[in-house]
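A quick write-up on the structure given underneath.
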Amino acid sequence: MISLQQLVRRAGVPRAFPATATKLAAAVWSEKGSVKDAVAAIEYDQAVTADVLKWANSASSGSTRKIATIREAVIRLGGVRILEHLIARHVRGTMNRALPVYGYAGQDLWRHSVAAGVAAGELARHVPGSSDGLLFTAALLHDIGKLFLGTGAPAAEMENVWRLVNADTGAQTCEQAEREVLGFSHVDVGAEVVSAWRLPEEIVEAIRRHHDAGGEGDRVTDGVKAANFMARAVGAGIGHEGMGLAMDGAVAQRLRLSRDTLEKLCAATAVKFNEVLQSYGSGV
Amino acid sequence: MQATNLMKHIVGVSDMKLSKTSGEVIVTHALGSCIGVAIHDPVACVGGILHYMLPRSNVDPDKARQKPCMFGDTGIPLLFQEAYRLGAAKENLRVVIAGGAQVFAQKDFFDIGKRNTVIARKIFWKNKVMIAAEHVGDHIPRTLFLEIGSGDTWFTSHGERVDL
Chain A
98 MISLQQLVRR
108 AGVPRAFPAT
118 ATKLAAAVWS
128 EKGSVKDAVA
138 AIEYDQAVTA
148 DVLKWANSAS
158 SGSTRKIATI
168 REAVIRLGGV
178 RILEHLIARH
188 VRGTMNRALP
198 VYGYAGQDLW
208 RHSVAAGVAA
218 GELARHVPGS
228 SDGLLFTAAL
238 LHDIGKLFLG
248 TGAPAAEMEN
258 VWRLVNADTG
268 AQTCEQAERE
278 VLGFSHVDVG
288 AEVVSAWRLP
298 EEIVEAIRRH
308 HDAGGEGDRV
318 TDGVKAANFM
328 ARAVGAGIGH
338 EGMGLAMDGA
348 VAQRLRLSRD
358 TLEKLCAATA
368 VKFNEVLQSY
378 GSGV
Chain B
456 MQATNLMKHI
466 VGVSDMKLSK
476 TSGEVIVTHA
486 LGSCIGVAIH
496 DPVACVGGIL
506 HYMLPRSNVD
516 PDKARQKPCM
526 FGDTGIPLLF
536 QEAYRLGAAK
546 ENLRVVIAGG
556 AQVFAQKDFF
566 DIGKRNTVIA
576 RKIFWKNKVM
586 IAAEHVGDHI
596 PRTLFLEIGS
606 GDTWFTSHGE
616 RVDL
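Listed in order, the protein sequences are those of chains A and B. Going by my numbering, the first residue of the first sequence is number 98, and it counts up by one from there. Going by my numbering, the first residue of the second sequence is number 456, and it counts up by one from there.
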């Protein structure tokens with residue numbers, strides 16, 4: 098049986114997290130972070146500067162005025178939004194591949210990740226104290242472990258996973274079945290990878306715990322659980338597992354989500370998700 | 456054989472498509488908790504599929520105005536109206552629904568698959584429309600197909616075809 102460490106070594110950590118994004122993240126997520134720090138993180142990276150300015154002046158940034166410098170971009174759009182853009186670009190390059198063992202065609206994992214990121218954005222507007230970018234990043238990266246299991250785990254063992262998921266009686270979730278067959282699941286792999294990228298511990302924990310049932314959840318973990326569910330509800334990332342995921346009532350209660358609110362957020366997520374996909378040149 | 460030139464229409468989430476060209480196939484992928492409604496009139500040779508995501512439009516009337524196919528209670532009437540516009544008659548329509556997946560082993564606060572199913576049944580019952588066949592619930596993903604003319608309706612899940 099393959100171990101978690103062997104799996105990650107075999108697949109290799111995909112494209113180390115961009116140094117510029119890491120610097121910007123440190124400036125954005127720091128309590129003492131300033132506009133000056135955010136600008137300094139980007140302005141000497143020519144490729145990123147060009148990319149950010151191109152995006153800042155596109156329809157998808159929502160800016161109505163021409164933005165000529167990184168300083169203007171940080172002031173008008175905010176460091177968090179620029180960071181979200183950089184992470185989304187990186188994740189697209191990393192996750193944009195088919196994973197047949199999960200029933201994911203070419204863009205499905207990326208689409209699910211984007212839908213969860215968009216759902217996190219909608220949740221952040223509803224849930225006070227979660228609009229700091231951590232939730233978006235955690236939601237966007239929550240299933241990155243599937244990339245490694247989908248490409249690195251032995252095919253025979255993954256077949257056993259799906260046998261358990263689709264059992265007529267005693268069917269399990271994908272995460273439970275992975276754990277039973279492999280001894281670990283995509284959440285453990287994802288946490289290991291993101292930890293290697295030196296992202297904040299809140300993000301690592303949210304990825305590690307996004308399938309945990311019950312327990313006291315922190316805001317980011319609860320948000321990722323809800324965003325993951327919402328992404329499935331809007332039809333993104335169904336794969337072989339199908340719905341295979343329930344919305345935990347305790348999480349909904351902690352996030353103060355009624356059924357009506359959750360439906361409204363799903364509706365908003367679906368519309369925004371389509372807009373984001375179109376900005377990348379693909380519709381729902 | 457004309458079949459190779461015939462269109463395959465793909466219906467996205469919160470969308471619908473209809474056709475009156477015999478042999479054309481309408482398909483909607485990734486039905487999880489969403490519902491796919493397929494209707495077909497063999498006499499008028501008209502059919503279509505709706506893929507809705509949420510049961511009730513009153514949670515967000517603005518979104519319902521922008522995207523009526525997002526909700527069951529606005530999408531289903533629209534699907535029928537469009538079929539009538541293309542020449543279908545209510546008494547000839549065969550109605551099939553699929554989707555509404557949910558996790559049976561866990562308590563689900565949202566219960567969206569079940570509620571999506573219930574709204575369809577309720578609307579059809581109120582309007583005296585029989586559901587000819589349905590395959591709903593369970594956690595499985597479904598892809599729903601409708602062939603115009605023959606009216607053949609089926610879904611696939613994990614590579615297996617089930618006729619409805």
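We put the CB at the ideal spot given by N, CA and C, even for glycine. Note that the structure is predicted; figures quoted are calculated from it, not measured.
Check, Outcome
"Determine the DSSP secondary structure at methionine 471 of chain B, reduced to helix, strand or coil.", "strand"
"Could you tell me whether the Cβ of methionine 344 of chain A comes closer than 8 Å to any Cβ of chain B?", "yes"
"Applying a beta-carbon distance threshold of less than 7 Å, which residues of chain A neighbour methionine 462 of chain B?", "Near methionine 462 of chain B there are no residues of chain A at all, since even the closest Cβ is about 18 Å away, more than 7 Å."
"Evaluate the contact criterion for the region 168 to 175 of chain A versus the region 206 to 217 of chain A: three or more CB pairs, one atom per stretch, below 8 Å.", "no"
"Helix, strand or coil: how does DSSP classify lysine 463 of chain B here?", "strand"
"For glycine 614 of chain B, which of helix, strand or coil comes out of DSSP?", "coil"
"Anything in the region 245 to 265 of chain A with a Cβ closer than 9 Å to a Cβ of chain B? List those residues in chain order, please.", "Trp259, Val262, Asn263"
"Taking the beta strand (DSSP E) that tyrosine 507 of chain B belongs to, which residues open and close that run?", "501 to 507"
"Below 7 Å on C-beta distance, what does isoleucine 335 of chain A contact in chain B?", "Ala485, Gly487, Pro596"
"Determine the direct distance from the alpha carbon of proline 596 of chain B to that of methionine 508 of chain B, and round the result to whole angstroms.", "14 Å"
"For cysteine 363 of chain A, decide whether its Cβ has a neighbour in chain B, counting only Cβ atoms nearer than 8 Å.", "yes"
"How many angstroms separate the CA atom of serine 158 of chain A from the CA atom of threonine 146 of chain A?", "15 Å"
"Which whole-angstrom value is the C-beta distance of isoleucine 504 of chain B and leucine 599 of chain B, which I expect to be below 8 Å?", "6 Å"
"Nearest-angstrom Cα distance between glycine 280 of chain A and alanine 499 of chain B?", "57 Å"
"Would valine 584 of chain B and leucine 534 of chain B qualify as a contact pair, given that the criterion is a beta-carbon distance under 8 Å?", "no"
"Going by the DSSP bridge assignment, what does aspartate 496 of chain B pair with across the sheet?", "B/Val501"
"For valine 617 of chain B, count neighbouring Cβ atoms within 10 angstroms of its own Cβ and tell me buried if that reaches 16, exposed if not.", "exposed"
"Please work out which residues of its chain come closer than 7 Å, Cβ to Cβ, to tryptophan 152 of chain A, disregarding the five sequence neighbours upstream and downstream, and give them in chain order.", "Ser158, His182"
"Count the C-beta pairs between the region 465 to 482 of chain B and the region 516 to 530 of chain B that are closer than 8 Å, then say yes if the count reaches three, no if not.", "yes"
"Distance check for isoleucine 304 of chain A and asparagine 193 of chain A, CA to CA, integer angstroms please.", "19 Å"
"Could you compute how far the alpha carbon of phenylalanine 579 of chain B sits from the alpha carbon of valine 573 of chain B?", "10 Å"
"Are the region 290 to 299 of chain A and the region 549 to 558 of chain B in contact at 8 Å, needing three or more beta carbon pairs?", "no"
"Over the uninterrupted beta strand (DSSP E) stretch that includes glycine 626 of chain B, give me the two end residues.", "Residue 626 of chain B is absent from the structure shown; chain B starts at 456 and stops at 619."
"Could you tell me whether the Cβ of methionine 471 of chain B comes closer than 8 Å to any Cβ of chain A?", "no"
"Could you pull the start and end residues of the beta strand (DSSP E) that alanine 588 of chain B belongs to?", "588 to 591"
"May I ask you to list the residues that DSSP assigns as paired with tryptophan 609 of chain B?", "B/Phe600, B/Asp618"
"If we cut at 8 Å on Cβ distances, does methionine 192 of chain A have a partner in chain B?", "no"
"Please classify tyrosine 201 of chain A: does DSSP put it in a helix, a strand, or coil?", "strand"
"Can you give me the C-alpha to C-alpha distance between alanine 330 of chain A and threonine 234 of chain A, rounded to a whole angstrom?", "20 Å"
"Could you pull the DSSP bridge partners for leucine 486 of chain B from this structure?", "B/Arg597"
"Classify threonine 476 of chain B as buried or exposed, calling it buried when 16 or more other Cβ atoms lie within 10 Å of its own Cβ.", "exposed"
"Return yes when the Cβ of leucine 101 of chain A is within less than 8 Å of the Cβ of aspartate 285 of chain A, no when it is not.", "yes"
"Does the region 243 to 252 of chain A come close enough to the region 348 to 364 of chain A to have 3 or more Cβ pairs within less than 8 Å?", "no"
"Can you check the region 154 to 190 of chain A for any alpha helix (DSSP H) of at least 4 residues that lies completely inside it and give the ranges in chain order?", "167 to 174"
"Could you tell me the alpha carbon to alpha carbon distance between glycine 614 of chain B and alanine 252 of chain A, rounded to whole angstroms?", "18 Å"
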